[in-house]
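Take the sequence shown: its letter number 215 is residue 215 in UniProt numbering, and every next letter is one higher. Ideal Cβ positions, reconstructed from N, Cα and C, are used throughout, including at glycine.
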Amino acid sequence: MNELVLTDNSSGGPLQLAWDQMRPDDLSTLMRQGWLRGVRLEQDPNVQITISRFMREFISHLENRATRTARQLRCMWFQFEAWCREKELTSLPAELETVKRYLSQRALDKHRNTLGMDRWAISRIHQECGCPDPTADRTIRNMLGDYTRDKVLNGETIKQATPLREYHLDELDRMWGNSPVLADRRDLALLTLAYETLLRAAEVARVKLNHLTMKPDGSAVLTIPISKTNVSGDPDVTMLSRQAMRLIREYFSLAGRVFDTKLDDPLFAGINPEGCSVKRVRHLGYSTVLRIFTRASTVLAVEELGIPPFTAHSCRVGAAQDLAASGENALKIMMSGRWKSEVMVMKYCRSIFAEEGAMAKRRANRS
1 MNELVLTDNS SGGPLQLAWD QMRPDDLSTL MRQGWLRGVR LEQDPNVQIT ISRFMREFIS
61 HLENRATRTA RQLRCMWFQF EAWCREKELT SLPAELETVK RYLSQRALDK HRNTLGMDRW
121 AISRIHQECG CPDPTADRTI RNMLGDYTRD KVLNGETIKQ ATPLREYHLD ELDRMWGNSP
181 VLADRRDLAL LTLAYETLLR AAEVARVKLN HLTMKPDGSA VLTIPISKTN VSGDPDVTML
241 SRQAMRLIRE YFSLAGRVFD TKLDDPLFAG INPEGCSVKR VRHLGYSTVL RIFTRASTVL
301 AVEELGIPPF TAHSCRVGAA QDLAASGENA LKIMMSGRWK SEVMVMKYCR SIFAEEGAMA
361 KRRANRS
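In structure tokens:
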């Protein structure tokens, strides 16, 4: 055990601590208590070593999770860290005034969602490394609230992914359904699965053959072991239509792959420069899935209509809107998309729900 120069109330001597047994919450509490006594504990070598240990643990955790969320966290933190170095300020633990200065500068040209991510990254790193969270202070919350209000009043909006609706899928089926090109058949099968399941891009890429359970009529049950909103270990399940399964099987046949739902292989595989399925099947990367959506935009010429190209969330948005247009309520759509609340459903479908509103129906025949 090593000594930290804090007075032990019982003996009046220095307080001894088992640093190797300390966890982030313990260190955060200790540092906060020291600050209240006017002692900057972060300057103690043992505290610095412990913070570094927690940081290494967290970095190792992030490296084992190659997700967009992990990449975003690293990106936002590195930007804050670089800014602090430039200003010769300490980033960990950061002073409240340091965070306020950083967010104030970022607010000059960054979207309010970006400011929220800045706060999230700073908060998460401080918590994981055992440092008091400067973003928990109410002045930060009030400041971000003021920035959000000002930006909204100045016309800043939140961009929504261009919806990929069922009629888009029908048109792609007409164009790609009988194509001899492997990429056409794979991409059509992938987009159809993404639409029917409302899966996110990374979740689509993780689907494996053994996640499918075939039904006698040719449809299938898809098991979703893990998703952005469900890491409980109790998987979600959803249905795939006979059409979706037919497209998947046709893609496998053209690729020369064996369709066996006992296999642990990824459902969708990469395609080599010669247009053939790669021999060593691996999960598609997020960028590959995004390119498939971009390719669909190009083929359907949506940008010629002045519409932004599809993105990796387009099937999720489009499917939600189609369900709303068919008369399904927000609760059923929320369950289909596995959202935890109706907030995103209302955001995606607000224009359609507006058309179904009581006043809209009452005044619909007025001219």
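{"Query": "Chain-order list of residues whose beta-carbon lies under 6 Å from that of residue 7 (same chain, five-residue window excluded)", "Result": "Only weak support exists for where residue 7 lies, its pLDDT of 47 falling under 50; the value from the coordinates is given anyway. The answer is none, since no qualifying residue turns up."}
{"Query": "C-alpha gap between residue 207 and residue 201, whole angstroms", "Result": "10 Å"}
{"Query": "Run of the beta strand (DSSP E) containing residue 292, from where it starts to where it stops", "Result": "Per DSSP, residue 292 belongs to no beta strand (DSSP E); it is in the alpha helix (DSSP H), 286 to 300."}
{"Query": "Residue 195 vs residue 315 beta-carbon contact at 7 Å", "Result": "yes"}
{"Query": "Stretch pair the stretch 262 to 282 + the stretch 111 to 130: three plus CB contacts closer than 8 Å", "Result": "no"}
{"Query": "Touching by the beta-carbon criterion (3+ pairs, under 8 Å), the stretch 214 to 226 and the stretch 166 to 186", "Result": "no"}
{"Query": "For residue 220: DSSP bridge partner residues", "Result": "214, 240"}
{"Query": "When 300, 352, 129, 290 are compared against residue 311, the one with the closest alpha-carbon", "Result": "290"}
{"Query": "From 92, 182, 77, residue whose alpha carbon lies closest to that of residue 62", "Result": "77"}
{"Query": "Of the residues 170, 18, 90, 286, the one placed nearest residue 68, counting alpha carbons only", "Result": "286"}
{"Query": "Burial state of residue 145, where buried means 16 or more other Cβ atoms lie within 10 Å", "Result": "exposed"}
{"Query": "Spatial distance of residue 54 from residue 48 (CA atoms)", "Result": "10 Å"}
{"Query": "Short Cβ contact (7 Å threshold) for residue 281 with residue 265", "Result": "yes"}
{"Query": "Exposure label - residue 1; buried when at least 16 CB within 10 Å", "Result": "Bear in mind that a pLDDT of 43 at residue 1, under 50, signals an unreliable position, so the model cannot answer this."}
{"Query": "Proximity of residue 335 and residue 345 at Cβ, strictly below 7 Å", "Result": "no"}
{"Query": "Beta-ladder partner(s) of residue 368, from DSSP", "Result": "Outside the displayed range of the chain (1 to 367) lies residue 368, so it cannot be described from this structure."}
{"Query": "Residue environment, residue 105, which counts as buried when at least 16 other CB atoms sit within 10 Å", "Result": "exposed"}
{"Query": "CB contact flag (residue 297, residue 309, <7 Å)", "Result": "yes"}
{"Query": "Residue 149: first and last residue of the uninterrupted alpha helix (DSSP H) it sits in", "Result": "138 to 153"}
{"Query": "Contacts around residue 151, its chain only, beta-carbon distance under 7 Å, and the 5 residues preceding and following it disregarded", "Result": "112"}
{"Query": "Residue nearest to residue 214 in terms of C-alpha spacing, selected from 185, 248, 323, 329", "Result": "248"}
{"Query": "Proximity below 7 Å, CB of residue 307 to CB of residue 190", "Result": "no"}
{"Query": "Short Cβ contact (7 Å threshold) for residue 337 with residue 198", "Result": "yes"}
{"Query": "Cβ distance (whole Å) where residue 130 is taken to contact residue 27 below 8 Å", "Result": "3 Å"}
{"Query": "C-beta atoms of residue 188 and residue 172 nearer than 7 Å", "Result": "yes"}
{"Query": "8 Å CB neighbourhood of residue 31 in its chain, flanking five on each side removed", "Result": "41, 42, 47, 93, 130, 131, 132"}
{"Query": "Buried/exposed call for residue 354, threshold 16 Cβ in 10 Å", "Result": "exposed"}
{"Query": "Alpha-carbon spacing of residue 73 relative to residue 331, whole angstroms", "Result": "31 Å"}
{"Query": "Cβ-based neighbour list, residue 341, same chain, cut-off 8 Å, excluding 5 preceding and 5 following", "Result": "334"}
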